[in-house]
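**Q** Structure provided below as structure tokens; questions to follow.
There are 2 protein chains.
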Amino acid sequence: MKAVLVIGDGMADRPVKELGWKTPLETARRPSLNQIAKTGICGIMDPISPGVPPGSDTATFALLGYDALAVYSGRGALEAVGSGIEVLLGDVAFRCNFATVNGKLIVLDRRAGRISNEDASKLAESLQKVRLKKPSNAEFLFKNTIQHRATLVVRGPKLSTAVSDSDPEEVGKKALEITPLDESSEAKLTAEIVKELMHKFREVLMQHPVNKERVKSGLPPANIILCRGAGTIPDVEPLSEKYGITASCVGAASLVKGVCKVARMHLIDVKGATGTPQTDFKAKAMATIEALRTYDFVLLHVKATDVASHDGDISQKIRLIEKIDQMLSYLLDHVDLDSTYLAVTADHTTSSITRNHEGDPVPIAITGPYVRRDTVEQYDERACARGGLNRIRGMDLMPILMSLIGKTKKFGA
Amino acid sequence: MKAVLVIGDGMADRPVKELGWKTPLETARRPSLNQIAKTGICGIMDPISPGVPPGSDTATFALLGYDALAVYSGRGALEAVGSGIEVLLGDVAFRCNFATVNGKLIVLDRRAGRISNEDASKLAESLQKVRLKKPSNAEFLFKNTIQHRATLVVRGPKLSTAVSDSDPEEVGKKALEITPLDESSEAKLTAEIVKELMHKFREVLMQHPVNKERVKSGLPPANIILCRGAGTIPDVEPLSEKYGITASCVGAASLVKGVCKVARMHLIDVKGATGTPQTDFKAKAMATIEALRTYDFVLLHVKATDVASHDGDISQKIRLIEKIDQMLSYLLDHVDLDSTYLAVTADHTTSSITRNHEGDPVPIAITGPYVRRDTVEQYDERACARGGLNRIRGMDLMPILMSLIGKTKKFGA
Chain E
295 MKAVLVIGDG MADRPVKELG WKTPLETARR PSLNQIAKTG ICGIMDPISP
345 GVPPGSDTAT FALLGYDALA VYSGRGALEA VGSGIEVLLG DVAFRCNFAT
395 VNGKLIVLDR RAGRISNEDA SKLAESLQKV RLKKPSNAEF LFKNTIQHRA
445 TLVVRGPKLS TAVSDSDPEE VGKKALEITP LDESSEAKLT AEIVKELMHK
495 FREVLMQHPV NKERVKSGLP PANIILCRGA GTIPDVEPLS EKYGITASCV
545 GAASLVKGVC KVARMHLIDV KGATGTPQTD FKAKAMATIE ALRTYDFVLL
595 HVKATDVASH DGDISQKIRL IEKIDQMLSY LLDHVDLDST YLAVTADHTT
645 SSITRNHEGD PVPIAITGPY VRRDTVEQYD ERACARGGLN RIRGMDLMPI
695 LMSLIGKTKK FGA
Chain V
295 MKAVLVIGDG MADRPVKELG WKTPLETARR PSLNQIAKTG ICGIMDPISP
345 GVPPGSDTAT FALLGYDALA VYSGRGALEA VGSGIEVLLG DVAFRCNFAT
395 VNGKLIVLDR RAGRISNEDA SKLAESLQKV RLKKPSNAEF LFKNTIQHRA
445 TLVVRGPKLS TAVSDSDPEE VGKKALEITP LDESSEAKLT AEIVKELMHK
495 FREVLMQHPV NKERVKSGLP PANIILCRGA GTIPDVEPLS EKYGITASCV
545 GAASLVKGVC KVARMHLIDV KGATGTPQTD FKAKAMATIE ALRTYDFVLL
595 HVKATDVASH DGDISQKIRL IEKIDQMLSY LLDHVDLDST YLAVTADHTT
645 SSITRNHEGD PVPIAITGPY VRRDTVEQYD ERACARGGLN RIRGMDLMPI
695 LMSLIGKTKK FGA
């Protein structure tokens, strides 16, 4: 028995006036999603708990069965791990954006026009050449991931995650100075190092040929690095030990890959999987089918729906849900549903209107040989709420799946 | 975006044979409640957890998003705070009843015929004149609140809440002696002080002209004070800081006002709001509308339904639910539902048959611009159980409301 968990990032939404008070999911043509609902057991799920808007990192921990409130230690380190940077215990890692500011450091674009991977790579290469002042004995690693996203890892003795962000997280606000968040010498040292890096990065970026070229082409220059979410890697029980399974992840978003790597899952690189709306859905489906030959459990994550939601692009979100549906059609055609359970959910609700993660529950459907099939015939936020799973929490999902494939241990005798 | 939470105290019930196995709520004419259900998202809610009958104090803490099991420290202090007595950290406060006993201290009426506020005030004034023996260095404050209800606050060095009640909580039983509940000198001292007060109070009451007058008029004399629920004030995070909102409470019941005050909410005094079945429902609705101009969140609490339930007066309970419905009609007419979420629930089930708080869940409906409207068309215990919220816990409600008005912080990234 095997299990596949498909996560559409931010796929759930709230009713939208322009869609006649339907959600994008309710509006999308979704024959495969509906088939999974129809042949499966459905419900709604609070990734963390009712009303709490989760990040993709905390939600993924929860959906893998971990107590996110207990294990979460900041996004930066997870993003770094996911982007292939080796993060050691004790390292402090930050989530960074290439961004555009004016001369007074007011943020004009937090994503530098969603800078291309190519431009970002060239800039990152130059930033890695920056030299830190000697006394701290610290080193750093800077690496771009997808588009404007990047990670910074600071390594050295006696560092702390208790440092503030430089990212004001809002256009029109000024980039912030990094400050220590407690009185410890570790926090002061870390703040000093990161402050120094931010200033030196800015100098390099302002002079950089890539940015001169961007301005010439009418593109916003990536003239500052904004960082946030200082974190370390959490020390969790590997998923394989937790459930006695072999597990792998098909996905491109660094943050989710980071969570999976921390859970010691095998990461499968898929050519054409980009974490953007242009990602190759079919390649991911094929990689999942391939992975099922080897692994008991495969997590298939699609980032693109969340990107469209954050952009408030409702029709794009609908199109991407339809692409997920086609991807699921391939899975349904190629998975042996006599020996495989297929679960589909979202990691959180992202409102296309507020453009934020919201605390509303997400739909969940599980199909497979021995589920208690219910009367739900459609896969969406409201139809699934009438399903046989009722309302569960994110961290309940993995035990449910593992129980279906016979991998849970009895509690008691 | 604003939010109003309307709480009908003990409004939920169990099916009643005399009503053709319907509940009072299912029987009442309730067009406004039904409209809220119809245009909203519905569910059932366990104020604390399934099967646990909450008090109005613990339930209100939970409905405000606090972990009642962690913060609750007894009813007495909350009642005292709510009735306008300043309670300091370290004070021990009791919930008291004016009651009627016979010569052998057997309780004949735990509410002294629901004594009028006027009579109770005169008696309380005399009781406050009692002098404690010197050595304890303690002081006390005694104040009547609504009808037979009163509060006693004992203030002094080295007091304890570990003392027993004098209230047997049942007609036909004998008033109890106050005893310390542990071996500490603080508990012994507190028990001695309260015992002394109870005896001196009884002496004053037996001689009092108000009681002589009551007996002449055929009313039960308030010839004893019964006390219970020794407590201190809990030190909770103010609601405004917890959610970044301004918050106020429209309600007359001291206990609920106490909880709101401990949560540092602004208390709004409404002329004509009495906490009794004669309360001015429209005045409370108007005060709520007025409060919405200033506050992000308004809690509107109606005590009367619980009073009718404890009296086992089913037709009165139905009438009061219909008055709540009319109050909601005013709210629906005057609230801007494009920018306001309106939630209606009960703080607990009170059975008109057992006349006690019970552990059954309560109905909950939330209407407002972006809720995932469901197919429920009626507001009652059973119809709401088929709604899109499914089954939630009391402490989940506030995060859900705060998420709808954009006031929750994301957990993770």
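Residue numbers (our numbering), protein chains in the order written: chain E, 295 to 707; chain V, 295 to 707. For each residue, glycine too, the CB sits at the ideal point set by N, CA and C.
Rounding to the nearest angstrom, what Cα-Cα distance links Arg496 of chain V and Lys597 of chain V in this structure?
**A** Taking the straight line from one Cα to the other gives about 29 Å.
**Q** Taking contact to mean at least 3 C-beta pairs separated by less than 8 Å, is the segment 622-638 of chain V in contact with the segment 654-667 of chain V?
**A** Enough Cβ pairs lie closer than 8 Å, so yes.
**Q** Please confirm whether Tyr664 of chain V has its beta-carbon closer than 8 Å to some beta-carbon of chain E.
**A** It does: the Cβ of Tyr664 of chain V has a partner Cβ on chain E nearer than 8 Å.
**Q** Within the continuous alpha helix (DSSP H) that includes Gly349 of chain V, where are the two ends?
**A** Note, Gly349 of chain V: premise wrong, no alpha helix (DSSP H); not H, not E.
**Q** Less than 8 Å between CB atoms is the rule here; does Thr639 of chain V satisfy it with respect to chain E?
**A** With 8 Å as the cut-off, Thr639 of chain V does not count as an interface residue toward chain E.
**Q** Can you list, in chain order, the residues of the segment 525-555 of chain E whose Cβ is nearer than 8 Å to any Cβ on chain V?
**A** Result list: Leu549.
**Q** May I ask you to list, following chain order, the residues of the segment 677-692 of chain E that have a beta carbon less than 7 Å from some beta carbon of chain V?
**A** The segment 677-692 of chain E vs chain V, Cβ under 7 Å: Ala679, Asn684, Arg685.
**Q** DSSP three-state call for Met580 of chain E: helix, strand or coil?
**A** Reduced to three states, the DSSP call for Met580 of chain E is helix.
**Q** For a test of the three-state rule: what should DSSP assign to Glu433 of chain E, helix, strand or coil?
**A** Three-state DSSP puts Glu433 of chain E in a strand.
**Q** Would you identify the three-state DSSP class for Asp529 of chain E, choosing helix, strand or coil?
**A** Reduced to three states, the DSSP call for Asp529 of chain E is coil.
**Q** May I ask you to report which of helix, strand or coil DSSP gives Ala364 of chain V?
**A** It is helical.
**Q** Could you check the C-alpha separation between Leu520 of chain V and Gly304 of chain V for me, to the nearest Å?
**A** Approximately 23 Å between the Cα atoms of the pair.
**Q** Assign Tyr589 of chain E to one of three DSSP states: helix, strand, or coil.
**A** DSSP places Tyr589 of chain E in coil when its eight states are reduced to three.
**Q** Drop a sphere of 10 angstroms on the beta-carbon of Asn391 of chain E, count the other beta-carbons inside from all chains shown, and report buried for 16 or more, exposed for fewer.
**A** Label assigned to Asn391 of chain E: buried.
**Q** For Phe705 of chain V and chain E, any beta-carbon pair shorter than 8 Å?
**A** For Phe705 of chain V, the answer is yes, since a Cβ of chain E falls inside 8 Å of its Cβ.
**Q** Counting only Cβ-Cβ distances shorter than 8 Å, please list the residues of the segment 301-330 of chain E near chain V, keeping chain order.
**A** Cβ contacts with chain V: Arg308, Pro309, Trp315, Thr317.
**Q** Does the beta carbon of Met295 of chain V sit closer than 8 Å to a beta carbon anywhere in chain E?
**A** Judged by the 8 Å Cβ criterion, Met295 of chain V is not in contact with chain E.
**Q** Which residue from V:Asp630, V:Val629, V:Ala602, V:Leu631 puts its Cα closest to that of Lys617 of chain V?
**A** Ranking V:Asp630, V:Val629, V:Ala602, V:Leu631 by Cα distance to Lys617 of chain V puts V:Ala602 first.
**Q** Who are the Cβ neighbours of Gly368 of chain V in its own chain at under 8 Å, not counting the five residues just before and after it?
**A** Cβ within range, chain order: Ala387, Thr455, Gly523, Ala524, Gly525, Thr526.
**Q** Between the Cα of Arg323 of chain E and those of E:Arg558, E:Ser609, E:Lys482, spot the shortest distance and give me the residue it belongs to.
**A** Comparing Cα-Cα distances from Arg323 of chain E to each of E:Arg558, E:Ser609, E:Lys482, the minimum goes to E:Ser609.
**Q** Tell me whether the beta-carbon of Met559 of chain V lies closer than 8 Å to the beta-carbon of Gly345 of chain E.
**A** It is not a contact, given that the beta carbons lie outside the stated cut-off.
**Q** Can the beta-carbon of Met339 of chain E be found closer than 8 Å to that of Ile658 of chain E?
**A** Yes, Cβ-Cβ distance for Met339 of chain E and Ile658 of chain E is below 8 Å.
**Q** Is it buried or exposed for Val465 of chain V, if we count other Cβ within 10 angstroms and need 16 for buried?
**A** Exposed, since its Cβ has fewer than 16 Cβ neighbours within 10 Å.
**Q** Can you check which of these residues, E:Ile472, E:Val498, E:Lys536, is closest to Ile487 of chain E by C-alpha distance?
**A** Closest by alpha carbon: E:Ile472.
**Q** Residues of chain V with CB under 7 Å from Asp419 of chain E, in chain order?
**A** Residue identity check: residue 419 of chain E is Glu in the sequence provided, not Asp. The contacting residues do not exist; Glu419 of chain E stays about 25 Å from chain V at best.
**Q** CB-CB under 6 Å to Met500 of chain E, same chain, minus the five flanking residues each way: which ones, in chain order?
**A** Within the same chain, Met500 of chain E has close Cβ partners Asn517.
**Q** State the DSSP-derived secondary structure class of Tyr624 of chain E, mapped to helix, strand or coil.
**A** In the structure shown, Tyr624 of chain E sits in a helix (DSSP, three-state: H, G or I).
**Q** Could you please give the first and the last residue of the uninterrupted alpha helix (DSSP H) stretch that includes Cys543 of chain E?
**A** Unbroken run through Cys543 of chain E is the beta strand (DSSP E), 541-544; no alpha helix (DSSP H).
**Q** For my contact list, Ala297 of chain V and Phe575 of chain V are in at a C-beta cut-off of 8 Å; report their separation, rounded to the angstrom.
**A** Their Cβ separation, rounded to whole angstroms, is 20 Å, which puts Ala297 of chain V and Phe575 of chain V out of contact at 8 Å.
**Q** For chain E, check one thing: does any of its Cβ atoms lie closer than 8 Å to the Cβ of Asp668 of chain V?
**A** Yes, its Cβ sits closer than 8 Å to a Cβ of chain E.
**Q** So Ile440 of chain V contacts chain E; which residues on that side make the cut at Cβ distance below 8 Å?
**A** The premise fails here: Ile440 of chain V is roughly 33 Å from chain E at the closest Cβ pair, so nothing lies under 8 Å.
**Q** Quick one: what does DSSP say Asn505 of chain E is sitting in, helix, strand or coil?
**A** Of the three classes helix, strand and coil, the one that applies to Asn505 of chain E here is helix, per DSSP.
**Q** Rounding to the nearest angstrom, what Cα-Cα distance links Lys311 of chain V and Arg649 of chain V in this structure?
**A** Spanning the two alpha carbons is a distance of roughly 15 Å.
**Q** Can you list, in chain order, the residues of the segment 337-365 of chain V whose Cβ is nearer than 7 Å to any Cβ on chain E?
**A** Going along the segment 337-365 of chain V in chain order, one finds no residue with a Cβ nearer than 7 Å to chain E.
**Q** In whole angstroms, what separates the C-alpha of Asn411 of chain E from that of Thr439 of chain E?
**A** Taking the straight line joining both Cα atoms gives about 8 Å.
**Q** Would you mind giving the Cβ-Cβ distance between Thr639 of chain V and Ile615 of chain V, rounded to the nearest angstrom? I have them listed as a contact below 8 Å.
**A** No, Thr639 of chain V and Ile615 of chain V are not in contact; Cβ-Cβ is about 13 Å, not under 8 Å.
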